[in-house]
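Enquirer:
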Amino acid sequence: MQRRGRSIEQDDLGLQERRGWAWLALALLGLAATLLWGHLSRQAAAEAEERARLDGQARVVELNLMRQLQGAYAAMRDVRDDLGVGTVPAGYADARLRMLQRASPGVRKINLLDAAGRVQASSLADDVGTDLSSQPALSRARARPDAQLLYVSEPARSGPTGFAIDLALVRQAPGGGFGGLLQVTFDADYFQTLLASVRYASDMRASVAHGDGVVILVDPPDPTGPGTNVLRPGSLFKAHRDSGAASSVATGRAVLGGDLRMVALRTLQAATL
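In this note's numbering, each residue's number is its place in the sequence shown (first place is 1) plus 1022.
1. Consult DSSP for ASP1209 and reduce its assignment to one of helix, strand or coil.
2. Between MET1023 and GLN1065, what straight-line distance do the alpha-carbon atoms span, to the nearest angstrom?
3. Keeping to the same chain, check which residues put their C-beta closer than 6 angstroms to that of LEU1105; ignore five residues upstream and five downstream.
4. Check for me: the alpha helix (DSSP H) holding LEU1258 runs from which residue to which?
5. If I measure Cβ to Cβ from THR1289 and keep anything under 6 angstroms in the same chain, skipping five residues before and after, which residues do I get?
6. State the start and end residues of the unbroken alpha helix (DSSP H) segment that holds THR1246.
7. ILE1132 bridges to which residues according to DSSP?
8. Measure from the alpha carbon of GLU1176 to the alpha carbon of each residue in VAL1141, GLY1233, LEU1287, then state which is nearest.
9. Is there contact between the region 1122-1140 and the region 1234-1241, where contact requires at least three CB pairs shorter than 8 angstroms?
10. Buried or exposed for ASP1188, please, with buried defined as at least 16 other CB atoms from any protein chain shown within 10 angstroms of its CB.
11. Consult DSSP for LEU1035 and reduce its assignment to one of helix, strand or coil.
12. Would you say the region 1152-1165 touches the region 1186-1206, given that touching needs at least three Cβ pairs under 8 angstroms?
13. What are the boundary residues of the alpha helix (DSSP H) that THR1215 is part of?
14. When the Cα of SER1156 is compared with those of GLY1247, GLY1139, ALA1272, ASP1149, which residue comes out closest?
15. GLU1031: buried (16+ other C-beta within 10 angstroms of its C-beta) or exposed?
16. How would you call LEU1135, buried or exposed, if buried means at least 16 neighbouring beta carbons within 10 angstroms?
Now the structure itself:
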């Protein structure tokens, strides 16, 4: 039996050929799907690994900074309690503060302020008698005079590119009120080595920012970084701070540099901070 123009055998061969191509197409689609799934799986695994690694490095910075702050807190508390409040023995307080400064890497100066904000004693002789009553740190401490709390100031410019941070403890008056401050000024650059040690790739950036958003230090050093406020609407820093979480890892546009980055953030949390 024949059909016009083609034999039944030819039709069968054509059908088999089409089925063969269909199976080949399905096989190729299956292979493509498998390769894509494998690529996506590897990509997801690599991303998860990178997130964990970044978070681990941020944790290293957090633990080191916490230890340094706790050490500073303990030393400052001993000196404050030793010197007391009121009239400070001439020469003794200055010598005590100089001794603490020399034993503390990164410390620029240590001042003992009375309730009015005047420097009673200092590790720097030129600072004695200076009126520091206009400092925001003094106003905050006076409004909330907690003798157990370590007050951390916003970073202040120190030279063309450097920044300094003040740590302060309240001196409690005999009646329980505000009696002044013991104030230690740190050079932010002291922490540069710590940040450099956690960078495992050339395109990484490590930074420390105050809770109010002001960047204190950046590694690799970037003169445009310190002083920048990263607490902006839509920023990764703001999302992290608003979440109240101790740690987070997110991907988004960085305020510093404006490039797309995966960022690990940690909040330094302690009962005395």
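By construction, the Cβ of each residue, glycine as well, lies at the ideal position given by its N, Cα and C atoms.
Expert: Taking the coordinates as given:
1. ASP1209 falls in the strand class under three-state DSSP.
2. Summary for MET1023: the model assigns pLDDT 36, below 50, so the residue's position carries little reliability, and this model does not support an answer.
3. Sequence-distant partners of LEU1105 (beyond 5 residues in either direction) whose C-beta falls short of 6 angstroms from its own C-beta, in its chain, are ALA1115.
4. For LEU1258, the uninterrupted alpha helix (DSSP H) segment begins and ends at 1258-1265.
5. So the qualifying residues of the chain are ALA1268.
6. That residue, THR1246, is in no alpha helix (DSSP H); it is neither H nor E in DSSP.
7. Per DSSP, VAL1206.
8. Of the candidates VAL1141, GLY1233, LEU1287, the one whose C-alpha sits nearest the C-alpha of GLU1176 is GLY1233.
9. No: fewer than three Cβ pairs fall under 8 angstroms.
10. Around the CB of ASP1188, 16 or more other CB atoms lie within 10 Å, so the residue is classed as buried.
11. Caution applies to LEU1035, whose pLDDT of 46 falls short of 50 and renders its modelled position unreliable; the model cannot decide the point.
12. Contact annotation: the region 1152-1165 touches the region 1186-1206, with at least three C-beta pairs closer than 8 angstroms.
13. Secondary structure note for THR1215: its alpha helix (DSSP H) is the uninterrupted segment 1214-1219.
14. Put simply, of GLY1247, GLY1139, ALA1272, ASP1149 the residue whose alpha carbon is nearest the alpha carbon of SER1156 is GLY1139.
15. Summary for GLU1031: the model assigns pLDDT 49, below 50, so the residue's position carries little reliability; its value from the coordinates is reported in the next sentence. So GLU1031 ends up on the exposed side.
16. Buried, because 16 or more other Cβ atoms sit within 10 Å of the Cβ of LEU1135.
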